[in-house]
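Novice: Here it is, the structure, as structure tokens.
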Amino acid sequence: DPNDCSRTRQPFVLSNPYNFSLDIRIPGVIPTEVRCIFFVILDFVPHASMDTAHHMILYGCKTPYATQGYWDCGKELGTCRDQAKIMYAWARNAPPTKLPKDVGFKVGGDTRMNYFVLQIHYGDVTNFRDRHRDCSGLTLRMTSKPQPFIAGMYLMMSVDTVIPPGKKVTNADIACTYTSSPMYPFAFRTHTHSLGKVVSGYRVRNGQWTQIGRQSPLLPQAFYPVANTIDVKNGDILAARCVFTGEGRTTNTQIGGTSNDEMCNFYIMYYMDNSRAVPYMSCGDDSSSELFRNIPSEANIPIPV
Ligand code: IYT
Ligand code: CU
Ligand code: CU
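Each residue of the sequence shown is one higher than the one before, counting from 427 in this note's numbering.
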């Protein structure tokens, strides 16, 4: 009987990447009233040997590019038909990100996060000369118990930066006023391609700049912990700067999806009260306002790697 809950669920083990099902069952609940059941992800457990995967990114979305098997994201279209939302990133040699207690990503139900798509990037395939099979991946520890706090993602991205060839320093500045209920950042991730030197993100409140995160995008692009406890409230400004170099290029470099293009992203992983949770926000404003005249000097100092 497919609905038989009596069998104790075997712990999920990704045994064979070519034929597996992420068997997420409602754990034997007896629904007393009609309500849409959703789940909360409490933990991501990466399974990736250090000498195979370079990075993995887990997305959530409503309709994935395909619902069977796997596809080559280098060739195929994309991750999802609707806008994919990044939920987790693992990068070789970076510690896995842990969610705080009582915090989880809400998925399923009416969240429009009905599918997971895992993107695995293999640095080099020389390790596969012996034709061994890789079964890297993630195990999601989940519950159907609502949590007091919901995790969310705030994506800051530059859209119309142009990096002139040879120019030593080009800044991409992004800023948006925050207008939602209070959020509490606990991890951040930076993403650029090879021209990025340092990416920093701040909260600006009454002219006061407080760092949320700062990292070299040349280091593993994982979600790193936010050093100090910080809140972001209605009326605060979120500001981020990517420092690029144009050295080594002979033509302008613009924002885009290929490695010849560039990207400037600062992701903030935060939690909010469950009652007023907004799971996903984004800011795509290339700000050239005089606001950045007061950005702390560390934002312009490349991080030695
Ligand atoms: C043009 C750009 O900056 N793209 C980034 C950020 C981005 C991510 C997602 C933009 C949108 C998204 O739905 I998810 I619109 C970008 O593609 N970043 C990559 C991908 O997430 C893999 C990264 O590694 O952060
Ligand atoms: Cu990679
Ligand atoms: Cu990119």
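Cβ coordinates follow ideal geometry from the N, Cα and C atoms, glycine included.
#1: Find the nearest neighbour of I727 within the set F670, R675 and D711, judged by alpha-carbon distance.
#2: When DSSP labels each residue in this structure, what does D550 get in the three-state scheme?
#3: Could you check what DSSP says for D427 in three-state terms: helix, strand or coil?
#4: State the DSSP-derived secondary structure class of S708, mapped to helix, strand or coil.
#5: For P472, report the span of its beta strand (DSSP E) as first-last.
#6: Once DSSP output is grouped into helix, strand and coil, what is the label at F718?
#7: Does ligand 2 have a heavy atom nearer than 6 Å to the CB of H473?
#8: May I have all residues whose beta carbon comes closer than 6 Å to any heavy atom of ligand 5, sorted in chain order?
#9: Of the residues P651, W635 and V529, which one's Cα is nearest the Cα of R719?
#10: Strictly closer than 7 Å from CB to any heavy atom of ligand 3: give me those residues in the order they appear in the chain.
#11: Have a look at Y604 and V585 and give me their C-alpha separation to the nearest angstrom.
#12: Quick check: F465 and S570, are their CB atoms within less than 7 Å of each other?
#13: DSSP three-state call for D555: helix, strand or coil?
#14: Give the DSSP-derived three-state secondary structure of S626 in the structure shown.
#15: Should M539 be listed as close to ligand 1, given that the test is whether its C-beta is under 6 Å from any heavy atom?
#16: Rounded to whole angstroms, what's the CA-CA distance from T523 to D687? Just pull it up for me.
#17: How long is the line joining the alpha carbons of E716 and R702, rounded to whole angstroms?
#18: Out of S607, N632 and P526, which has the shortest C-alpha to C-alpha gap to L468?
#19: I need the DSSP call for N597, collapsed to helix, strand or coil.
#20: Could you give the C-beta distance for G639 and V652, rounded to a whole number, given that I count them as a contact under 8 Å?
#21: Within 6 Å: the Cβ of Q509 and any heavy atom of ligand 1?
#22: Which residues in the same chain have their Cβ closer than 8 Å to the Cβ of Y696, if we skip the five residues on either side of it in sequence?
#23: Whole angstroms are fine: how far does the CA of V471 sit from the CA of Y485?
#24: Taking 6 Å as the cut-off, is the C-beta of M707 nearer than that to any heavy atom in ligand 1?
#25: Where in the stretch 632 to 714 do unbroken runs of the beta strand (DSSP E), each at least 3 residues long, occur, reported from the N-terminal end onward?
#26: Where N597 and S685 are concerned, what is the direct C-alpha to C-alpha distance, given to the nearest angstrom?
#27: Based on the DSSP output, what are the partners of H617 in its beta bridges?
#28: Classify T655: buried if its beta carbon has 16 or more other beta carbons within 10 angstroms, exposed otherwise.
#29: Taking 6 Å as the cut-off, is the beta-carbon of M583 closer than that to any non-hydrogen atom of ligand 1?
Specialist: Reading from the atomic positions:
#1: Position 301 of the sequence shown, counting from 1, holds the residue named residue 727. With distances taken between Cα atoms, I727 lies closest to F670.
#2: Position 124 of the sequence shown, counting from 1, holds the residue named residue 550. The answer is coil: DSSP assigns D550 none of H, G, I, E or B.
#3: Reading the sequence shown from its first residue, position 1 is the one you call residue 427. Summary for D427: the model assigns pLDDT 44, below 50, so the residue's position carries little reliability, and this model does not support an answer.
#4: Counting from one through the sequence shown, the residue named residue 708 turns up at place 282. Three-state DSSP puts S708 in a strand.
#5: For the purposes of this step, residue 472 is identified with residue 46 of the sequence shown, where counting begins at 1. Run containing P472: F464 to H473, per the beta strand (DSSP E) assignment.
#6: Taking the first residue of the sequence shown as position 1, residue 718 is located at position 292. In this structure, F718 counts as helix in the three-state DSSP scheme.
#7: Here residue 473 corresponds to residue number 47 of the sequence shown, with the count starting at 1. Answer for H473: no, Cβ out of range of ligand 2.
#8: For ligand 5, the structure offers nothing, since it holds only ligand 1, ligand 2 and ligand 3.
#9: As a first step, residue 719 is located in the sequence shown; it is residue number 293 there, counting from the start. Out of P651, W635 and V529, W635 has the C-alpha closest to the C-alpha of R719.
#10: Those residues whose C-beta sits under 7 Å from the nearest heavy atom of ligand 3 are, from N- to C-terminal order along the chain, H617, H619, G683 and M689.
#11: Taking the first residue of the sequence shown as position 1, residue 604 is located at position 178. Taking the first residue of the sequence shown as position 1, residue 585 is located at position 159. In a straight line, the C-alpha of Y604 is about 19 Å away from that of V585.
#12: Position 39 of the sequence shown, counting from 1, holds the residue named residue 465. Position 144 of the sequence shown, counting from 1, holds the residue named residue 570. Taking a C-beta distance under 7 Å as the contact criterion, F465 and S570 qualify as a contact pair.
#13: Numbered from its first residue, the sequence shown carries residue 555 at position 129. What sits at residue 555 in the sequence shown is Arg, not Asp. The answer is helix: DSSP assigns R555 an H, G or I state.
#14: Counted from its first residue, the sequence shown places residue 626 at position 200. S626 sits in a strand when the DSSP states are folded into three classes.
#15: Taking the first residue of the sequence shown as position 1, residue 539 is located at position 113. Flag unset: Cβ of M539 not near ligand 1.
#16: For the purposes of this step, residue 523 is identified with residue 97 of the sequence shown, where counting begins at 1. For the purposes of this step, residue 687 is identified with residue 261 of the sequence shown, where counting begins at 1. C-alpha separation (whole angstroms): 28 Å.
#17: The residue given as residue 716 occupies position 290 in the sequence shown. The residue given as residue 702 occupies position 276 in the sequence shown. In a straight line, the C-alpha of E716 is about 33 Å away from that of R702.
#18: Position 42 of the sequence shown, counted from the first residue, corresponds to residue 468. Of the listed residues, the one whose Cα sits closest to L468 is P526.
#19: Here residue 597 refers to the residue found at position 171 of the sequence shown. It is a strand residue.
#20: Position 213 of the sequence shown holds residue 639. Position 226 of the sequence shown holds residue 652. Contact flag correct, Cβ pair sits at about 6 Å.
#21: Numbered from its first residue, the sequence shown carries residue 509 at position 83. In this structure, Q509 has its CB closer than 6 Å to one or more heavy atoms of ligand 1.
#22: Here residue 696 refers to the residue found at position 270 of the sequence shown. Here the set comprises A577, G578, M579, Y580, M609, Y610, P611, F612 and V658.
#23: As a position in the sequence shown, residue 485 is number 59, starting the count at 1. As a position in the sequence shown, residue 471 is number 45, starting the count at 1. Answer to the nearest angstrom: the Cα atoms are 15 Å apart.
#24: For the purposes of this step, residue 707 is identified with residue 281 of the sequence shown, where counting begins at 1. Not so, every heavy atom of ligand 1 lies at least 6 Å from the Cβ.
#25: As summarised for the stretch 632 to 714, the continuous beta strand (DSSP E) elements at least 3 residues long and confined to that stretch are 634 to 641, 663 to 670, 691 to 699 and 706 to 709, given in chain order.
#26: On the sequence shown, position 171 is the one that residue 597 refers to. On the sequence shown, position 259 is the one that residue 685 refers to. Approximately 19 Å between the Cα atoms of the pair.
#27: To locate residue 617, count along the sequence shown from 1; it is residue 191. DSSP links H617 through a beta bridge to N691.
#28: Reading the sequence shown from its first residue, position 229 is the one you call residue 655. Answer is exposed; the Cβ neighbour count stays below 16.
#29: Counting from 1 along the sequence shown, the entry for residue 583 is found at position 157. Under cutoff, so the answer is yes.
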